[in-house]
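What follows is a single structure, written as structure tokens, with notes after it.
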Amino acid sequence: MHSFQLLCSLLICNCLVVAAQRKLQKIPEEEEEEEEMNFTKIRTPQTLSRGWGDEIDWVQTYEEALARSRNSKKPVMVIHHLEECPYSQALRKAFVSSPDIQKMAQEDFIMINLVHSSTDDNMAPDGHYVPRILFVDPSMTVRADLMGKYRNRMYAYEPEDISNLIENMRQAKVLLHTEL
């Protein structure tokens, strides 16, 4: 019985504190409810997209990407990046701004973006720099033939290289169908 009285006292105190805060802030209850409703109408970005395209179905782990690739017969596109890296940020902005890339990423690829290295050594064939993008076919073969234009960072892309990335995405799709 004593714990019930204590609980009731705590609830009453909580109500009094909330009422006092409202009075001090001069926020009518109706405005507060309206603000809450407007907040819920705002579409929050998909966590796994990390800004690379909220309409794309992103997978969480490299292992999940490989499993989905085998089942769907779609290639995996792996984007290695860092949130604070200005090169990654610039590429992300160009990636999101390209309707062709967004459409292919949504329809034709299993997509994953990693802010940490995968455990697969094949995912860093020429180093652990960022940003880098690699393609993996459903047979779990990293497509070493699909690379960017830089000799010292073979899988790097910059915003000016979007047309090269689009072409590599197209090749990943075409070669996938002829190889399987």
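Letter by letter, the sequence shown follows residues -20 to -1, 1 to 160 of mature numbering (1 follows the signal peptide of the UniProt record, and there is no 0).
All C-beta atoms in this analysis are idealised placements derived from N, C-alpha and C, irrespective of residue type, glycine included.
With 16 as the cutoff for other CB atoms within 10 Å, does residue i come out buried or exposed?
i: residue 107; result: exposed
i: residue 154; result: exposed
i: residue 102; result: exposed
i: residue 123; result: buried
i: residue -11; result: In this prediction, residue -11 has a pLDDT of 49, which is less than 50 and means its spatial position is unreliable; nothing more can be read from the coordinates.
i: residue 97; result: exposed
i: residue 167; result: Residue 167 is absent from the structure shown; the chain starts at -20 and stops at 160.
To the nearest angstrom, how far is the alpha carbon of residue i from that of residue j?
i: residue 58; j: residue 75; result: 13 Å
i: residue 51; j: residue 117; result: 12 Å
i: residue 112; j: residue 44; result: 20 Å
i: residue 138; j: residue 63; result: 16 Å
i: residue 142; j: residue 78; result: 8 Å
i: residue 160; j: residue 54; result: Its pLDDT being 45, under 50, residue 160 is placed unreliably in this model, and the coordinates cannot settle the point.
i: residue 41; j: residue 92; result: 7 Å
i: residue 84; j: residue 149; result: 8 Å
i: residue 19; j: residue 94; result: Here the model assigns residue 19 a pLDDT of 45, short of 50, so the residue's position is not dependable, and the following value carries that caveat. Cα-Cα distance, rounded: 29 Å.
Would you check if the distance between the CB atom of residue i and the CB atom of residue j is smaller than 8 Å?
i: residue 39; j: residue 81; result: no
i: residue 120; j: residue 28; result: no
i: residue 72; j: residue 61; result: yes
Tell me, to the nearest whole angstrom, how far the beta carbon of residue i is from that of residue j; I am working on the premise that it is less than 8 Å.
i: residue 35; j: residue 86; result: 6 Å
Could I get the ranges of all uninterrupted beta strand (DSSP E) runs contained in the segment 63 to 114, with 3 residues as the minimum, in chain order? As far as the segment 63 to 114 is concerned, its whole beta strand (DSSP E) runs of at least 3 residues are 90 to 94.
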